[in-house]
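Student: The structure under discussion is supplied below as structure tokens; questions concerning it will follow.
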Amino acid sequence: MTNFVYIATSLDGYIADSEGRVEWLDSVPVPEGDDFGFSDFMAKIDAVVMGRVTFETLIGFGVGWHYGVPGLILSSTMTTPPSDFSDHVTFACGKPQEIVDLAKGKGWSNLYVDGGATVQGFLRDDLIISEIPVLLGDGVRLFGALDEHLDFELVGTEVLVDQIVKKHYRRKKL
Numbered sequence: 007m008t009n010f011v012y013i014a015t016s017l018d019g020y021i022a023d024s025e026g027r028v029e030w031l032d033s034v035p036v037p038e039g040d041d042f043g044f045s046d047f048m049a050k051i052d053a054v055v056m057g058r059v060t061f062e063t064l065i066g067f068g069v070g071w072h073y074g075v076p077g078l079i080l081s082s083t084m085t086t087p088p089s090d091f092s093d094h095v096t097f098a099c100g101k102p103q104e105i106v107d108l109a110k111g112k113g114w115s116n117l118y119v120d121g122g123a124t125v126q127g128f129l130r131d132d133l134i135i136s137e138i139p140v141l142l143g144d145g146v147r148l149f150g151a152l153d154e155h156l157d158f159e160l161v162g163t164e165v166l167v168d169q170i171v172k173k174h175y176r177r178k179k180l
């Protein structure tokens, strides 16, 4: 089982502004038809695991479930998806290892993990972080306090549209 994080941050490490908004992501032009390699990334993913807050943000975009693979939404309060998501997502709650075991039981081996708190709990494998050249000064940090140091190695970097630095890290195995 491999957990992949594929997320964008501001230069100062935020994934949302102080009001939880992500419109700042649009500060960098995206060439038509360019998804920065996200389609290639998703081709190897079996399911998306995301937290409730991220899911509610996605609902607010009004684009529906656009991932092409099933979704597992982590929530202890939300149990029923909106009707346009009901064929695509299920809900679960538990510790990261319990969620991984649930995913394995469904035959999934590559998970795309999304959402701040959810990402923090699944820092086991690969991190792909695209750094957008904007400073927010405050907001929702990608990483918070950790119980221990986690060591990663740099797999590679790529510069996209002459502005975004996409960094791929892999967790060092002990």
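Here the sequence shown is numbered in my numbering, starting from 7 and rising by one per residue. Note that CB positions come from ideal geometry on N, CA and C, so glycine has one too. Bear in mind the structure is a predicted one, so any value in this text is a computation, not a measurement.
Looking at C-alpha atoms only, which residue of S16, M7, I21 is the closest neighbour of V125?
Tutor: Residue mapping note: residue 125 aligns to position 119 of the sequence shown, counting from 1. Nearest C-alpha to V125: I21.
Student: Going by the CB atoms, is the gap between V55 and L31 shorter than 7 Å?
Tutor: Along the sequence shown, read from residue 1 onward, the residue named residue 31 stands at position 25. Along the sequence shown, read from residue 1 onward, the residue named residue 55 stands at position 49. No. Outside cutoff.
Student: Assuming F47 is part of the alpha helix (DSSP H), what are its boundary residues?
Tutor: The sequence position of residue 47 within the sequence shown is 41, counting from 1. Counting along the chain, the alpha helix (DSSP H) containing F47 begins and ends at 44-48.
Student: Restricting to Cα atoms, I'd like to know which of W114, I138, E62, I134 is closest to P35.
Tutor: For the purposes of this step, residue 35 is taken as the residue at position 29 of the sequence shown. Of the candidates W114, I138, E62, I134, the one whose C-alpha sits nearest the C-alpha of P35 is I138.
Student: Counting only the same chain and skipping the five closest in sequence on each side, list residues whose C-beta sits under 7 Å from that of E159.
Tutor: Taking the first residue of the sequence shown as 1, we reach residue 159 at position 153. Taken in chain order, the residues that qualify are Y175, R176, K178.
Student: Return the chain-ordered list of same chain residues with a C-beta closer than 7 Å to the C-beta of W71, the five sequence neighbours on each side being excluded.
Tutor: By one-based count along the sequence shown, residue 71 stands at place 65. G77, F91, H94, V95, listed in sequence order.
Student: Tell me whether the beta-carbon of A123 lies closer than 7 Å to the beta-carbon of L117.
Tutor: For the purposes of this step, residue 123 is taken as residue 117 along the sequence shown, with counting starting at 1. For the purposes of this step, residue 117 is taken as residue 111 along the sequence shown, with counting starting at 1. No.
Student: Going along the chain, which residues of its own chain have a beta-carbon closer than 8 Å to the beta-carbon of S144, five neighbours each way excluded?
Tutor: Taking the first residue of the sequence shown as position 1, residue 144 is located at position 138. Correcting the residue type first, residue 144 is Asp in the shown sequence and not Ser. Contacts found: Y20, D23, S24.
Student: For L152, does the count of other Cβ atoms within 10 angstroms reach 16, so buried, or fall short, so exposed?
Tutor: Taking the sequence shown and counting its residues from 1, one reaches residue 152 at position 146. When all chains shown are included, L152 counts as exposed.
Student: Between V11, T15, I65, which lies nearest to M48 when the distance is taken from Cα to Cα?
Tutor: As a first step, residue 48 is located in the sequence shown; it is residue number 42 there, counting from the start. Taking only the C-alpha atoms, the option nearest M48 is V11.
Student: By the three-class DSSP mapping on this structure, what secondary structure does A123 have?
Tutor: On the sequence shown, position 117 is the one that residue 123 refers to. Residue state, collapsed to three classes: helix.
Student: Since S115 and F97 are thought to touch, with beta carbons under 8 Å apart, how far apart are those beta carbons, to the nearest angstrom?
Tutor: Taking the sequence shown and counting its residues from 1, the one referred to as residue 115 is at position 109. Taking the sequence shown and counting its residues from 1, the one referred to as residue 97 is at position 91. Not a contact, Cβ separation roughly 21 Å.
Student: Determine the burial state of G17: buried for a count of at least 16 other Cβ atoms within 10 Å of its Cβ, exposed for fewer.
Tutor: Here residue 17 refers to the residue found at position 11 of the sequence shown. The sequence shown places Leu at residue 17, not Gly. So L17 counts as exposed.
Student: By the three-class DSSP mapping on this structure, what secondary structure does E1 have?
Tutor: Limits of the chain in this structure are 7 at one end and 180 at the other, which puts residue 1 out of reach.
Student: For the beta strand (DSSP E) containing K173, list its first residue and its last residue.
Tutor: For the purposes of this step, residue 173 is taken as residue 167 along the sequence shown, with counting starting at 1. It spans 170-177 - the beta strand (DSSP E) in which K173 sits, taken as one unbroken run.
Student: According to DSSP, is F128 helix, strand or coil?
Tutor: The count along the sequence shown starts at 1 and reaches residue 128 at position 122. Coil, per DSSP.
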